[in-house]
Amino acid sequence: MALSNADFRSLLNEADISILSAASAPRKKKGPSVPHAEADAQKSDKSQKRRERYLEILRRKQRHKEGRAPANYPEDGEDRREGEGALARYKDRAKERRKGKDELYQQVAEELQEMKERSIEESKYLGGDVEHTHLVKGLDFALLSKVRSELEKEALKKEQSQQEEASEKKTAQKKMKILSPLARRLFDVQFACLHPQQARFADHVKRLEMALVS
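With full-length UniProt numbering applied, the sequence shown has no gaps in its numbers, which climb one by one up to 214 at the end.
Pasting the structure below:
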């Protein structure tokens with residue numbers, strides 16, 4: 001049997017009505033309903049437990065840090081053993097560093113004092129000097145003689161340097177001077193031509209060779 005357009009419209013309307021009725025119907029809850037007051041109480045209990053657990057963790061950390069357990073917080077056997085082990089392993093590094101530095105400073109101070117006393121004794125034994133002297137009875141004459149010898153050495157060196165400078169000046173001033181014309185001519189003939197830049201140098205060398213050969 002063929003369906004008309006009116007039949008199709010009636011079918012669609014029936015399908016729409018069934019869909020709308022199914023959507024508007026109230027849904028059934030799967031589990032039993034819990035009152036709001038009871039749900040709030042459960043949430044409060046959970047938050048309280050979390051808070052207590054967090055506080056307990058903080059207290060354990062504090063006990064571990066201090067290395068002992070406070071009297072108002074009882075511990076079980078395991079916590080007590082852990083606290084005792086942590087206390088036995090704990091070392092105050094800052095205190096050890098301070099102690100080591102104090103010992104080092106004390107040692108350095110003692111060594112410096114010993115070096116100072118040794119230097120004073122040695123300088124006394126040697127008579128000291130002008131800047132670092134120690135007024136010790138019986139050593140002033142040694143210091144005086146030492147200063148005098150140093151002054152004499154300085155004066156002697158100064159005198160020698162002056163004499164050397166004077167001799168150098170005299171040597172520089174000494175030059176050969178030819179006063180007579182005959183001596184000048186002889187010098188020119190015999191020695192002036194020996195310079196390689198002189199015009200008659202080659203002739204003079206040849207004459208010397210001939211004289212040596214003959």
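No residue lacks a Cβ here, since even glycine has one placed at the ideal position from N, Cα and C.
CA-to-CA distance, residue j to residue i, given in whole angstroms
{"i": "E103", "j": "A94", "result": "14 Å"}
{"i": "V205", "j": "V213", "result": "12 Å"}
{"i": "G127", "j": "L144", "result": "The pLDDT assigned to G127 is 49, lower than 50, so where the model puts this residue is not dependable; a value taken from the coordinates is nonetheless given after this. Rounded to whole angstroms, G127 to L144 spans 9 Å at the Cα level."}
{"i": "R60", "j": "Q48", "result": "18 Å"}
{"i": "E114", "j": "Y105", "result": "14 Å"}
{"i": "Q107", "j": "S149", "result": "41 Å"}
{"i": "L208", "j": "K170", "result": "37 Å"}
{"i": "L186", "j": "A166", "result": "34 Å"}
{"i": "A37", "j": "K65", "result": "42 Å"}
{"i": "E168", "j": "K146", "result": "33 Å"}
{"i": "F201", "j": "A211", "result": "15 Å"}
{"i": "E14", "j": "D7", "result": "11 Å"}
Three-state secondary structure assigned by DSSP to residue i
{"i": "S4", "result": "coil"}
{"i": "S180", "result": "coil"}
{"i": "R200", "result": "coil"}
{"i": "A71", "result": "Reliability of the predicted coordinates at A71 is poor, the pLDDT of 47 falling under 50, and no value is obtained from them."}
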